[in-house]
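Notes follow once the structure below has been shown.
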Amino acid sequence: MPPLRPQSKPDREQRVVALLHPALPEVELTIRRGARTRHVRLHVDETGIVTVSAPRRASSVQLDRIVQERADWLVDTLARFQQTRQATEIDLDRGDPVRYRGSWLPATVVRRGERTRPSVTHSGEQIEIVVATDGDPYAALHRFYRDEARRIVGERVDFWAIDFGLKTGNLSIRDQRTRWGSCTSRGDLSFNWRLVLAPAWVLDAIVVHELCHIDELNHGSRFWTLLDERYPRHVEASEWLKSHGPALRITATQAPAQLPDGIQPVKPRRGRKLTGGQSSLF
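For the sequence shown, the numbering used here assigns the number 117 to the initial residue and increments by one for each residue that follows.
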């Protein structure tokens, strides 16, 4: 009879670990093991999911010990994300205001016939979201934000590029998890759609930052000198994003919406949101 091979560890598993911390008695972990992973890393996303990336050889005892050592960090991080979720959670059917260009605007959801195509209009100081009787106003609002970001960022890129005498490449609007913008060696520019939620001067700071990379494709001293000359408020914008960037998103509330008789609310999945990931600078 051939010798039995040791049972291999699964590439992905879910486990609940008891913590010796009064504020967090236990934590549910998503453990991912990889052949190319050399170190154990902990990551918490904005929905509160804790992921542990580990080498294949790492034992459960080792992982539990590392998680215990990082208990204080886990508690602080989870509490911070909880505060952010509470600050960004809205109920559109209840008439909660929404972010747009640095302000909170009143939002109204209008539900019409089953064949109604979703649309969002911004008139004056109000946003109106039109959906079908069983439609999803959060999805409609998301599309509106993406379209507005494409329009507004495009206008600001053109404005500043002409002012600086620069030629740009392609422009794209993305749902980036860790960046506000990026620039390639060909001058192709990419921006996070969430910038449309920030004040106009903050959006301009990101646009100018990326345009400066057309001249200086690095973060050396010449780049920062150029950025200082072209947009002196970039430091202030950076600090603003550090403080407010994580809240530049809209999370659907878990509370049931008040809809007409016979219509069931669209129930968001756990952590359902219009964007994801921690924000980082530029």
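Positions of the beta carbon are idealized from the N, C-alpha and C atoms, including for glycine.
Closest by CA to residue i, which one among the options?
| i | options | result |
| --- | --- | --- |
| Glu144 | Phe339, Gly251, Thr167, Thr249 | Thr167 |
| Asp127 | Trp296, Gly218, Ala151 | Ala151 |
| Leu311 | Arg267, Gln184, Asp250 | Arg267 |
| Ala155 | Ala134, Gln178, Val133 | The sequence as given places His at residue 155; Ala does not occur at that position. Of the candidates Ala134, Gln178, Val133, the one whose C-alpha sits nearest the C-alpha of His155 is Gln178. |
| Ala223 | Thr237, Glu230, Gly229, Arg196 | Thr237 |
| Ser301 | Glu326, Gly336, Asp279 | Glu326 |
| Leu333 | Ser298, Arg349, Ala316 | Ser298 |
Give the DSSP-derived three-state secondary structure of residue i in the structure shown.
| i | result |
| --- | --- |
| Gln130 | strand |
| Tyr261 | helix |
| Leu135 | coil |
| Ile245 | strand |
| Ser219 | strand |
| Ser239 | strand |
| Glu144 | strand |
| His412 | Here the chain has residues from 117 to 398 only, and residue 412 is not among them. |
| Thr224 | strand |
| Glu205 | strand |
Closer than 8 Å by C-beta to residue i: which residues in its own chain qualify, once you throw out the five before and the five after it? Chain order, please.
| i | result |
| --- | --- |
| Cys328 | Phe339, Leu342, Leu343, Arg346 |
Can the beta-carbon of residue i be found closer than 7 Å to that of residue j?
| i | j | result |
| --- | --- | --- |
| Ile330 | Leu282 | yes |
| Arg149 | Arg181 | no |
| Val191 | Leu140 | yes |
| Glu241 | Leu257 | no |
| Ser306 | Arg290 | yes |
| Ser169 | Arg157 | yes |
| Trp356 | Val324 | no |
| Val183 | Leu208 | no |
| Val214 | Ile243 | yes |
| Gly211 | Pro234 | no |
| Gly229 | Phe197 | no |
| Glu205 | Thr367 | yes |
Does the beta-carbon of residue i, which I'm using as the reference point, lie nearer than 6 Å to any heavy atom of the ligand HEM?
| i | result |
| --- | --- |
| Ala363 | What this structure holds is no ligand at all, so the ligand HEM is not there to describe. |
Output needed for residue i: all residues of its chain with C-beta closer than 6 Å, excluding positions within five of it in sequence on either side, in chain order.
| i | result |
| --- | --- |
| Glu129 | Ile147 |
| Val132 | Glu142, Glu144 |
| Ala353 | Val318, Ala321 |
| Pro253 | Leu208, Val225, Ile245, Val247 |
| Thr232 | Ala248 |
| Phe260 | Val236 |
By Cβ distance below 7 Å, which residues in the same chain neighbour residue i in space, the five residues on each side in sequence not counted?
| i | result |
| --- | --- |
| Asp102 | An answer regarding residue 102 cannot be provided, because it is not within the stretch 117 to 398 covered by the chain. |
| Ala314 | Gly218, Leu364 |
| Arg262 | Ile289, Trp309 |
| Thr193 | Val160 |
Taking only beta-carbon atoms, is residue i less than 7 Å away from chain C?
| i | result |
| --- | --- |
| Val168 | The question asks about chain C, but that chain is absent: this structure has only one protein chain. |
**OP:** Report the residue ranges of all beta strand (DSSP E) runs contained in full by the region 146-177; include only those spanning at least 3 residues, in chain order.
**Re:** Taking only runs of at least 3 residues, the beta strand (DSSP E) segments lying wholly in the region 146-177 are 157-160, 166-171.
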